[in-house]
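Working notes, beginning with the structure itself.
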Amino acid sequence: MIKALPRRTAVAGLGILMLAGLLPLSIAQAQSAPKEVALTAKQEAIVKRVERYLNSITTLQSTFFQQSSTNEFAEGEIFLSRPGKMRIEYKAPNPILIVARGKYLSYIDTELQNVTYIPVEDTPAAFLLSGRIAFNREKVAFHEVTQEDGAIFLTVAERDDPFSGRLTLIFRADPMSLRKWSVVDAQGTITDIVLTDPFYGGTIDPKLFEFKDYGERERSGD
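Following our numbering, the numbering of the sequence shown begins with 1 at its first residue and continues without gaps.
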């Protein structure tokens with residue numbers, strides 16, 4: 001039986017787009033640390049191609065579905081306008097909306113009518129929202145870089161904390177397109193996020209990056 005994804009799990013799953021998640025997660029040590037691989041020249045070329053592709057993205061809008069190995073499920077929409085703006089909105093019954101704009105990422109609970117502000121620079125979202133995207137080799141360890149059957153698979157983890165989880169980005173190779181990512185968290189739970197109809201390079205209404213401020217605020221990272 002598939003269950004509706006709890007709101008915190010749902011947000012964490014999508015938010016781990018760039019390593020550790022948009023929001024803090026409780027960390028439990030994994031059974032074994034993933035192995036880092038020394039990249040070959042061919043793998044380095046694949047990483048560079050991925051970086052070039054990510055830097056070529058100006059806008060992205062897509063519906064997505066998200067399912068975990070614990071049989072929890074969520075759906076929603078994502079809007080990205082680089083640099084600096086992102087909106088992630090989950091469908092009912094999940095009341096969560098995430099909006100990144102300017103210096104802060106805002107986590108909005110429309111049910112509780114509460115907004116939590118997190119400095120973008122303190123979240124992995126800063127990677128995707130920056131003007132220039134590059135994998136920081138001092139902070140990121142590669143665990144898989146392969147191209148097969150028309151797809152590219154790139155798995156990374158935090159170098160200083162490999163137990164915190166790992167992320168696999170999956171691209172269609174030709175023409176290149178981000179299609180899916182898969183997250184394994186510190187507890188070993190697998191969360192798959194699939195972009196169902198991604199559209200790149202279109203015009204996005206700036207009003208999508210606005211939201212209702214309920215007046216009750218929490219700040220994180222100040």
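Note that beta-carbon positions come from the ideal geometry of N, C-alpha and C, so glycine has one too.
Return the chain-ordered list of same chain residues with a C-beta closer than 6 Å to the C-beta of residue 141, the five sequence neighbours on each side being excluded.
Walking along the sequence shown from the start, residue 141 turns up at place 141. Taking C-beta separations shorter than 6 Å and ignoring five residues to either side along the sequence, the partners of residue 141 in its chain run 36, 157, 159, following chain order.
Less than 8 Å between C-beta atoms, sequence neighbours within five positions excluded: which residues of the same chain meet that for residue 75?
Position 75 of the sequence shown, counting from 1, holds the residue named residue 75. Taken in chain order, the residues that qualify are 63, 64, 65, 66, 90, 91.
Could you please give me the residues that DSSP links to residue 119 through a beta bridge?
Walking along the sequence shown from the start, residue 119 turns up at place 119. In the DSSP output, where bridge partners are listed per residue, residue 119 has 104.
Mapping DSSP to helix, strand and coil, what is residue 65?
One-based indexing of the sequence shown puts residue 65 at position 65. The answer is strand: DSSP assigns residue 65 an E or B state.
State buried or exposed for residue 71, treating a residue as buried only when at least 16 other CB atoms are found within 10 Å of its CB.
The count along the sequence shown starts at 1 and reaches residue 71 at position 71. Exposed, because fewer than 16 other Cβ atoms sit within 10 Å of the Cβ of residue 71.
Between which two residues does the alpha helix (DSSP H) harbouring residue 53 extend?
The residue given as residue 53 occupies position 53 in the sequence shown. 41-56 is the span of the alpha helix (DSSP H), which, as asked, contains residue 53.
Along the alpha helix (DSSP H) that carries residue 127, what are the first and last residues, could you check?
Within the sequence shown, residue 127 is the residue found at index 127, counting from 1. Note, residue 127: alpha helix (DSSP H), 125-129.
Per DSSP, which one or two residues make a beta bridge with residue 146?
Numbered from 1 along the sequence shown, position 146 holds the residue referred to as residue 146. Beta-bridge pairing links residue 146 to 153.
Between residue 30 and residue 186, what straight-line distance do the alpha-carbon atoms span, to the nearest angstrom?
What you label residue 30 is simply residue 30 of the sequence shown in a count that begins at 1. What you label residue 186 is simply residue 186 of the sequence shown in a count that begins at 1. For residue 30, the pLDDT reaches just 41, beneath the cut-off of 50, and the residue's location in the model is therefore unreliable, although a value from the coordinates is still provided. Distance between the alpha carbons of residue 30 and residue 186: 5 Å.
For residue 99, which residues does DSSP report across the bridge?
The residue you call residue 99 lines up with position 99 of the sequence shown. According to DSSP, residue 99 shares a beta bridge with 87, 106.
If you run the structure through DSSP and keep just helix, strand and coil, what is residue 22?
By 1-based counting over the sequence shown, the position of residue 22 is 22. Its pLDDT being 32, under 50, residue 22 is placed unreliably by the model, and the measurement read from it follows with that caveat. Coil, per DSSP.
What is the residue span of the beta strand (DSSP E) that residue 180 lies within?
The residue labelled residue 180 in the question sits at position 180 within the sequence shown. First-last of the beta strand (DSSP E) with residue 180: 176-185.
Quick check: what's the CA-CA separation for residue 98 versus residue 46?
Stepping through the sequence shown from its first residue, residue 98 is reached at position 98. Stepping through the sequence shown from its first residue, residue 46 is reached at position 46. If I take the Cα positions, the gap works out to 31 Å.
Tell me the DSSP secondary structure of residue 195 in three-state form.
Counted from its first residue, the sequence shown places residue 195 at position 195. It is a strand residue.
Out of curiosity, what's the CA-to-CA distance linking residue 83 and residue 122?
Start at 1 with the first residue of the sequence shown, and residue 83 comes out as number 83. Start at 1 with the first residue of the sequence shown, and residue 122 comes out as number 122. Answer to the nearest angstrom: the Cα atoms are 16 Å apart.
Rounding to the nearest angstrom, what Cα-Cα distance links residue 170 and residue 52 in this structure?
Walking along the sequence shown from the start, residue 170 turns up at place 170. Walking along the sequence shown from the start, residue 52 turns up at place 52. Using only the alpha carbons, I get a separation of about 15 Å.
Run through DSSP, which three-state label would residue 112 get?
Within the sequence shown, numbered from 1, the residue matching residue 112 stands at position 112. Reduced to three states, the DSSP call for residue 112 is coil.
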